[in-house]
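Each step along the sequence shown adds one to the number in numbering that gives the first Met the number 0, with nothing skipped, and position 7 is 6. Beta carbons are placed, not taken as given, at the ideal position from N, Cα and C, and that holds for glycine.
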Amino acid sequence: MSTLHVLSHSPFADSHLSSCLRVLGSHDAILLCGDATYALTPSTTARQTLDAKVGSLALFVLDEDAKARNLSLPDWVKSVDYPEFVALSVQYDKVNTWL
0 MSTLHVLSHS
10 PFADSHLSSC
20 LRVLGSHDAI
30 LLCGDATYAL
40 TPSTTARQTL
50 DAKVGSLALF
60 VLDEDAKARN
70 LSLPDWVKSV
80 DYPEFVALSV
90 QYDKVNTWL
């Protein structure tokens with residue numbers, strides 16, 4: 000069973016990202032939105048952790064939130080808009096929002 004994990008909190012304010020990565024299944028994906036997009040800030044521990052998972056992690060980011068924070072995305076991260084976010088929610092068996 001696949002799960003889309005939706006994270007919206009800054010990785011510098013809580014441990015949701017690291018907790019999510021610990022329970023991530025092989026068919027799961029992560030969508031970063033809101034302040035969670037700061038995990039893609041270069042030269043941070045959060046970014047280094049994500050970079051280490053290249054090839055084994057399906058990572059999406061809400062385009063609007065990345066642009067609002069002036070973040071440039073690595074080429075292995077898929078930027079999505081709201082309609083694509085809805086499509087992802089349907090594609091995966093479950094959606095888990097980390098509140």
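In the DSSP assignment, find the unbroken beta strand (DSSP E) run with residue 65 in it and report its ends.
-> The residue given as residue 65 occupies position 66 in the sequence shown. Element bounds for residue 65: not the beta strand (DSSP E) but the alpha helix (DSSP H), 62-67.
At what residue ranges does the region 18-63 contain a whole run of the alpha helix (DSSP H), taking only runs of 4 or more?
-> 44-50
Note down, in chain order, each residue of its chain lying with its Cβ closer than 6 Å to the Cβ of residue 23, except the 5 sequence neighbours on either side.
-> Within the sequence shown, residue 23 is the residue found at index 24, counting from 1. Once the five neighbours on either side are set aside, residue 23 has no close Cβ partner at all.
Determine contact between the region 55-67 and the region 24-41, defined as no fewer than three beta-carbon pairs at a distance below 8 Å.
-> Result yes; three or more Cβ-Cβ pairs closer than 8 Å.
Endpoints, the beta strand (DSSP E) within which residue 94 is located | Taking the sequence shown and counting its residues from 1, one reaches residue 94 at position 95. Looking at the DSSP string, the run of the beta strand (DSSP E) that includes residue 94 is 93-97.
For residue 29, which residues of its own chain have a beta-carbon under 6 Å away from its beta-carbon, when the five flanking residues on both sides are left out?
-> Here residue 29 corresponds to residue number 30 of the sequence shown, with the count starting at 1. The answer, listed in chain order, is 4, 58.
Apart from the five residues on each side of it in sequence, which residues of its chain come closer than 7 Å, Cβ to Cβ, to residue 74?
-> As a working mapping, residue 74 is identified with position 75 in the sequence shown. Closer than 7 Å at Cβ, skipping near neighbours: no residue.
With 16 other CB atoms within 10 Å as the buried threshold, where does residue 89 fall?
-> Your numbering for residue 89 matches position 90 in the sequence shown. The residue is exposed, with fewer than 16 neighbouring Cβ atoms inside 10 Å.
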